[in-house]
Amino acid sequence: MDLNKLRTQIESEIVALKTDADCVTFHQKFLGKNGMITDLMSTLRNLEPEMRGKVGAEINTLKRDTESRLFTLQREIKDRELNEKLMQDKLVDITIPNINHEVGSFHPITRISREVEEVFQSMGFHIENGREIVTEYENFESLNVPANHPARDMQDTFWLSNGDVLKTHTSALQNILLKKHGPVFGAIFPGRCYRNENLDATHEMAFFQVEGMMVSENISISNLIYFMKTALTAVFKKDIKVRLRPGFFPFTEPSFELDASCIFCNQVGCSICKQSGWIEFCGCGMIHPRVLEMGGVDPNKYQGFAFGFGLTRLAMMKYGIEDIRVLNSGNLDSLRAIK
Ligand code: FA5
């Protein structure tokens, strides 16, 4: 084909391009590796040497002009196609009320977790996220629970073949956070925990806890009492009293069990609080000096408190859930019934 004929053909086809796909085909046909301009270029060698330079330059000009026109045209076409698509999307009115479809909602654990996070954040704590697989050191040793310590039996553990564990409690993050934040911080960390339990209405193998820690100079257990009372009062939207009883955890000294006034009977006495007016709520205490030390914090200068409660249990109390197994069941009818 000669140059003039090709120029005419390009001219007539380029003005007919309508879509991005047309442009791609056009590019292949004329400018591609086996395109017609490239083909024409390869015929130069058949010309007389004195003609080659002149014709070669003309083919190059045609190539450059075609490329540049195609580039501009393709951009215009793409813009137009995008605008048309956006206009079509506008026709879906996202403000029309949802009449026919059921609206989804958050799982009760997500709801309660966000409430707890919000109230602790308002008191200056920040939120941390932890892994579900942790090392034996993080879950036990760094918490003053060496191998063969009887406290390990209290938490029937899922061991992985590499020696790691599915965390049995959110306390497994304590060492990590002490190392991350140094001696002055306040944090809470909700997370899923795993224990190889026999299942019943109040025990699951996978459940949620929330851990809280505050470390600084001059921290005392009365700070903890204040924070827990304020948090529970906010979650239950009624005045909650708290009290401490002596307890035991290897990673706190002294250790306590914290009870909350019974939300079901307002301390008149009911079957849930076994007529005592108090519900056992969480373990807590002052962080053991060894734990601080293993986290790189000087126990002679700094102290802190730690607490850990069952977020799943809190959800059960707040929403009146009688059987814990509903929460992991994926049974939408039961979950929907939880208000
Ligand atoms: C602990 O796990 C300690 N790490 C708590 C702690 C933190 C103490 C910081 C001191 C300082 P415990 O094993 O008691 O403690 O568990 C705490 C809560 O987790 C329980 O009160 C309960 O609400 C919840 N829990 C424990 N096992 C289960 C289970 N199988 N199913 C549902 N909830 C559970």
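All the letters of the sequence shown, read from the start, carry residue numbers 20 to 358 under this note's numbering. Backbone N, C-alpha and C define an ideal beta-carbon position, used for all residues, glycine too. Model, not experiment: these values are computed from the prediction.
Continuous alpha helix (DSSP H) stretch holding residue i: start and end
i    : result
K311 : Checking the sequence shown, residue 311 turns out to be Leu, not Lys. That run of the alpha helix (DSSP H) goes P308 to M313.
L196 : Q193 to H200
E67  : Counting along the chain, E67 falls outside any alpha helix (DSSP H), and DSSP gives it neither H nor E.
C42  : D39 to F45
A334 : L330 to Y338
K24  : L22 to I33
D352 : L351 to R355
Member of the options whose CA lies at the smallest distance from the CA of residue i
i    : options                   : result
G231 : E160, M336 and E136       : E136
P235 : Y321, F246, K97 and M55   : According to the sequence shown, residue 235 is Ser rather than Pro. For S235, the nearest C-alpha among the options comes from Y321.
S348 : P127, I115, F159 and K337 : P127
F324 : E95, Y338 and H307        : H307
L192 : G123, G329, V153 and I78  : V153
Y213 : K186, K37 and H168        : K186
H188 : F208, F204, M55 and G182  : F208
M233 : D183, F144 and E155       : F144
L46  : L105, T91, G123 and I115  : Here residue 46 turns out to be His, not Leu, going by the sequence shown. Of the listed residues, the one whose Cα sits closest to H46 is T91.
K97  : S190, L36 and N117        : L36
T57  : E77, E69, A40 and E67     : E77
V184 : N167, E155, R171 and E32  : E155
Y338 : M60, N102, A356 and T38   : A356
Limits of the unbroken beta strand (DSSP E) element including residue i
i    : result
V234 : A225 to S235
R344 : Unbroken run through R344 is the alpha helix (DSSP H), R344 to S348; no beta strand (DSSP E).
I207 : F204 to Y213
Proximity below 8 angstroms, CB of residue i to CB of residue j
i    : j    : result
I298 : A220 : no
F275 : P265 : yes
M313 : N194 : yes
N163 : V261 : no
G441 : G201 : There is simply no residue 441 to check, as the chain begins at 20 and stops at 358 in what is shown.
A250 : F139 : yes
L197 : G327 : no
L25  : M55  : yes
Q340 : L346 : The amino acid occupying residue 340 in the given sequence is Ile; Gln does not appear at that position. Yes, the pair counts as a contact, with Cβ atoms nearer than the cut-off.
E147 : A206 : yes
K248 : I259 : yes
E223 : T331 : yes
Q107 : C42  : no
Min CB distance residue i to chain D below 8 angstroms
i    : result
S235 : The structure shown has no chain D; it contains just one protein chain.
Item checked: Validate contact between the region 286-306 and the region 266-273 using beta carbons, cut 8 angstroms, 3 pairs -> yes
Item checked: Segments of 4+ residues assigned as alpha helix (DSSP H) that fall wholly inside the region 98-168 -> 127-141 and 155-158
Notebook entry, point to check: Does the region 176-184 touch the region 288-297, meaning 3 or more C-beta pairs lie closer than 8 angstroms?
Noted result: no
Notebook entry, point to check: Which whole runs of the alpha helix (DSSP H) in the region 228-278 are 4 residues long or more, in chain order?
Noted result: 240-255
Margin query: Does the structure place the region 71-88 close enough to the region 44-56 that three or more beta carbon pairs sit under 8 angstroms?
Written below: Yes, the region 44-56 is in contact with the region 71-88.
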